[in-house]
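In the numbering used here, the protein residues as written are 398 to 607.
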Amino acid sequence: MSKTEIKSTNIFSVEHRVAATERQETNGHRGGILWLTGLSGSGKTTLGLELERHLHLKGYQVYMLDGDNVRGGLNSDLGFAPDDRTENIRRIGEVAALFADAGLIVVTAFISPYQADRDLARAVKPDGFHEVFVKADLETCEERDPKGLYKRARLGEIPEFTGISAPYEQPAAAELVVDTGALSIGQSINRLLEYVDDQFGQPHTLSSVA
Ligand SMILES: Nc1ncnc2c1ncn2[C@@H]1O[C@H](COP(=O)(O)OP(=O)(O)OP(=O)(O)O)[C@@H](O)[C@H]1O
Ligand SMILES: [Mg+2]
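Rendered as structure tokens:
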């Protein structure tokens, strides 16, 4: 899968007539990307789903993109070899940036093991990109093994499994680290909610919108 070859020529991009600031005025809060990265079983999906639910209840425009769902649709043509992982993340980065431009808070939950790929995703929307390291060591994740994947990877049934037979590069300078090896799910969510409040501002409440 080619990731750098540009085939789209004779393109004339259009300028939107709704400014980012106008979308922000409508929503009350900024749009942007919370890019959750971490080992399988570190808690990206668990936290992403709960964060999405909490933020929605608070009146935020929010949507979560999850690895397994996106791999079942948009990226169903991609496997887990390094080039495919890179293309997977490139597409997610582009989609997340579109959501953020639309004014939403996008929570992405992908292992995204390579720093270079995360940096490329950041480069699509540098002003609104927040790298969140969902941190738990391999031993903890392997013990949790919520999908039974580590067990199968150890048996050699899953090739190129992150942490076992494929690398995971820890974020060099994440905006936020959530240590799920030490914090409960509730504490982790509170940490994320504080961060959102601080970085994205407050939404108009649901009652004031209605
Ligand atoms: N503080 C915490 N935050 C999140 N999950 C936690 C925490 N403490 C324990 N867990 C448990 O860890 C597991 C995390 O699984 P989850 O599916 O969310 O991981 P993931 O990072 O999405 O993995 P994958 O990359 O395979 O999709 C769950 O069983 C969850 O209950
Ligand atoms: Mg997950």
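We put the CB at the ideal spot given by N, CA and C, even for glycine.
{"Query": "Under the three-state DSSP convention, the category residue 417 falls into", "Result": "helix"}
{"Query": "Ligand 2 heavy atom lying under 7 Å from the CB of residue 465", "Result": "yes"}
{"Query": "Close beta carbons around residue 548, own chain, < 8 Å, minus the five adjacent residues each side", "Result": "542"}
{"Query": "Contiguous beta strand (DSSP E) assignments of at least 3 residues, all confined to the segment 460 to 533", "Result": "502 to 506 and 526 to 532"}
{"Query": "Cβ pair count under 8 Å reaching 3, the segment 425 to 435 against the segment 508 to 527", "Result": "yes"}
{"Query": "3-residue-minimum beta strand (DSSP E) runs that sit fully inside the segment 553 to 579, ordered along the chain", "Result": "573 to 576"}
{"Query": "Beta-carbon spacing of residue 459, residue 495 below 8 Å", "Result": "no"}
{"Query": "Own chain, CB closer than 8 Å to residue 487, minus 5 neighbours either side, in chain order", "Result": "400, 514, 517 and 518"}
{"Query": "Strand pairing of residue 429, partner residues [DSSP]", "Result": "502"}
{"Query": "Delimiting residues of the alpha helix (DSSP H) encompassing residue 595", "Result": "582 to 597"}
{"Query": "Status (buried if at least 16 other CB within 10 Å, exposed otherwise) for residue 413", "Result": "exposed"}
{"Query": "Closest residue to residue 510 among 492, 484 and 504 (Cα-Cα distance)", "Result": "484"}
{"Query": "Distance, residue 556 Cα to residue 425 Cα", "Result": "45 Å"}
{"Query": "Host alpha helix (DSSP H) of residue 443 (start-end)", "Result": "441 to 455"}
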